[in-house]
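Colleague: Have a look at the structure that comes next, please.
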Amino acid sequence: MKISCVILNYNDADTALKLAFRICGYKTLSDVILVDNGSTDGSFEKLEAAVNGQEQKKFHGIQAFKNGGYGAGNNLGVRYAVEHCGATHVVIANPDVDFSEDCLKKMMRVFENHLDVAAAAATMEDARFGRQRNGWPLRGFAGELLAMGPVSHRLFRRFLEYPESRFEGKQAAFVDALHGSMLMIDAEKFQEQGGYDEGLFLYQEEAVLGRRLKTGGYRSVLLLNCSYRHEHSASIGKTFQGQMDRQRLREKSVLYYMRKYLFINPFQVALAKLWFWGIRMEIRAAMMLENWIKK
C-alpha cells in the first residue's frame, strides 16, 4: 500500500498547513497533497511557499481554477495522488481534523484484511457535539426529509440510524455511508465508481459516494477502536455565513441527490420544497428564541 493524504483548502491556508506539518512525519504517508480550491485570498501562494520550503519534499501543491466544491476539489487531489505519486490508497481529510498515525495503521489493516472494502473511517470526535456515530445507512425519500429537520431528526433518530446493537462489542462495523471529514479510500475502486459527484457543491457527498460504492459491490467500514477530532464546520462557517445560507445550500444538494439517485417524481419534489420551508421556519423560530433569551 502506498498512501497519500489529500487536504482541500479554500481561503484557509493556515489551517491546511497546520494539519500538513502535523502529519508530514507519519511514515505511513508517502505524500501530502495540498489542493487549493480556487481560493481568493492568496492561499495558493502560501501553500506553494510551504511546498518549496519543505525539506522532506513530501508536500505537493496543486490549484483548481475555480471553487467547484468539496467533491470536485477532492477528485482532483485523488487523481493527482494516483497519477503523480503512485498512490494505491488516499486519505481525504478536511483541514480542521486531527488524527494519529496509529489511526491510519488501523485503517490500513481493514483494507489488507477485506479486499471488497473501498472506504474506511475512524470514529469522529466532534469539537462541538462530542463523540459522533459517523457511519449511517442509506435512506430513501422520507428518511432524507426526516434526517434534515432539527426536530424530526431527533424524534425519528432510531429509524434513521443503525441500532446500537450493530456496534456493541465490536472494533469495526460495515456501514453504508461515512462522514467525509476524514476517511481513507481505495483509489482504484473510488475512481472506478466515479468518485464524488461534481454536480454537488457541498452536502450529500457521503450519501452519493456510499451509494456508488455499494452499487459497485464494495463496502465501507467504520472503526470503533480509534478516533479523530473534527472542528465542526470551521471551514464552512468562514465561507457561508449564517444558518439560513447553509440551509439553502443543503436544500439544493438534497434535491439534486433525490432527483438523480432516488428518482423522485414531481409530487415528491413539491413535497420536499414544502418540507424545506418548514425547516426554515424552525430555524427562524429557534434564532428568535435564542436572541430573546440573550436579551
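Residue numbers for the sequence shown follow the working numbering, so the first one is 798 and each next one is one higher. Ideal Cβ placement from N, Cα and C applies to all residues, glycine included. Only a predicted model underlies this, so the values are computations on that prediction, with no experimental measurement involved.
If you reduce the DSSP assignment to three classes, tell me which class D895 lands in.
Modeller: Here residue 895 refers to the residue found at position 98 of the sequence shown. If DSSP states are grouped into helix, strand and coil, D895 belongs with the strands.
Colleague: Give the straight-line distance between the Cα atoms of L844 and S962, rounded to the nearest whole angstrom.
Modeller: Taking the first residue of the sequence shown as 1, we reach residue 844 at position 47. Taking the first residue of the sequence shown as 1, we reach residue 962 at position 165. Each residue's alpha carbon lies about 45 angstroms from the other.
Colleague: Within the continuous alpha helix (DSSP H) that includes L1010, where are the two ends?
Modeller: The sequence position of residue 1010 within the sequence shown is 213, counting from 1. E1002 to T1012 is the span of the alpha helix (DSSP H), which, as asked, contains L1010.
Colleague: Are the Cβ atoms of M979 and M921 separated by less than 9 angstroms?
Modeller: In the sequence shown, residue 979 corresponds to position 182, counting from 1. In the sequence shown, residue 921 corresponds to position 124, counting from 1. Cβ distance < 9 angstroms, so M979 and M921 count as in contact.
Colleague: Using 10 angstroms around the beta-carbon of G1034, count the other beta-carbons present and answer buried if the total reaches 16, otherwise exposed.
Modeller: Position 237 of the sequence shown, counting from 1, holds the residue named residue 1034. Because the pLDDT of G1034 is 49, which lies under 50, any placement of that residue in the model is unreliable, and the number read from its coordinates should be weighed accordingly. By the 10 Å Cβ count, G1034 comes out exposed.
Colleague: Quick one: what does DSSP say D994 is sitting in, helix, strand or coil?
Modeller: Reading the sequence shown from its first residue, position 197 is the one you call residue 994. If DSSP states are grouped into helix, strand and coil, D994 belongs with coil.
Colleague: Could you tell me whether the region 1037-1054 touches the region 928-938, where touching means 3 or more Cβ pairs closer than 8 angstroms?
Modeller: No, the region 1037-1054 does not touch the region 928-938.
Colleague: Could you spell out where the beta strand (DSSP E) holding I830 opens and where it closes?
Modeller: For the purposes of this step, residue 830 is taken as residue 33 along the sequence shown, with counting starting at 1. Note, I830: beta strand (DSSP E), L826 to D833.
Colleague: With a cut-off of 8 angstroms on the beta carbons, I'd call A878 and C1023 a contact; round off their distance for me.
Modeller: Translated into the one-based positions of the sequence shown, residue 878 becomes position 81. Translated into the one-based positions of the sequence shown, residue 1023 becomes position 226. So it is not a contact: roughly 23 angstroms between Cβ atoms.
Colleague: Near E1002, what residues of its chain come up, given a Cβ to Cβ distance below 6 angstroms and the 5 sequence neighbours on each side ignored?
Modeller: The sequence position of residue 1002 within the sequence shown is 205, counting from 1. Cβ neighbours of E1002 beyond the five flanking positions: Y867, G868, G977 and Y993.
Colleague: I need the straight-line Cα distance from I1080 to Y1000, nearest angstrom please.
Modeller: Indexing the sequence shown from 1 puts residue 1080 at position 283. Indexing the sequence shown from 1 puts residue 1000 at position 203. Approximately 18 angstroms, taken between the alpha carbons.
Colleague: Anyone know if the C-beta pair for I800 and V907 falls short of 9 angstroms?
Modeller: Here residue 800 refers to the residue found at position 3 of the sequence shown. Here residue 907 refers to the residue found at position 110 of the sequence shown. The answer is no: Cβ separation not under 9 angstroms.
Colleague: With distances taken Cα to Cα, identify the nearest neighbour of Q929 among F964, R876 and N910.
Modeller: Working through the sequence shown from its first residue, we reach residue 929 at position 132. Checking every option, the nearest Cα to that of Q929 belongs to F964.
Colleague: Taking C-beta to C-beta, are R955 and D895 nearer than 9 angstroms?
Modeller: Locating residue 955 in the sequence shown gives position 158, where the first residue counts as 1. Locating residue 895 in the sequence shown gives position 98, where the first residue counts as 1. Their beta carbons are not under 9 angstroms apart, which means R955 does not touch D895 by this criterion.
Colleague: With distance defined between alpha-carbon atoms, name the residue in L1086, V948 and Y1058 nearest to R1008.
Modeller: Indexing the sequence shown from 1 puts residue 1008 at position 211. Among L1086, V948 and Y1058, the Cα nearest to that of R1008 belongs to Y1058.
Colleague: How many Å lie between E985 and I859 at the Cα?
Modeller: Stepping through the sequence shown from its first residue, residue 985 is reached at position 188. Stepping through the sequence shown from its first residue, residue 859 is reached at position 62. If you take the alpha carbons of E985 and I859, they lie about 21 angstroms apart.
Colleague: Using three-state DSSP, classify A884 as helix, strand or coil.
Modeller: Here residue 884 refers to the residue found at position 87 of the sequence shown. A884: coil per DSSP, three-state reduction.
Colleague: Check the C-beta distance from L1021 over to Q968 and give it rounded, since I have them as a contact under 8 angstroms.
Modeller: Here residue 1021 is taken as the residue at index 224 of the sequence shown, counted from 1. Here residue 968 is taken as the residue at index 171 of the sequence shown, counted from 1. Between Q968 and L1021 the Cβ distance is about 6 angstroms, and since that is below 8 angstroms, they are a contact.
Colleague: Given a threshold of 16 other Cβ atoms within 10 Å of its Cβ, counted over all protein chains shown, does V848 qualify as buried or as exposed?
Modeller: Your numbering for residue 848 matches position 51 in the sequence shown. Buried, since its Cβ has 16 or more Cβ neighbours within 10 Å.
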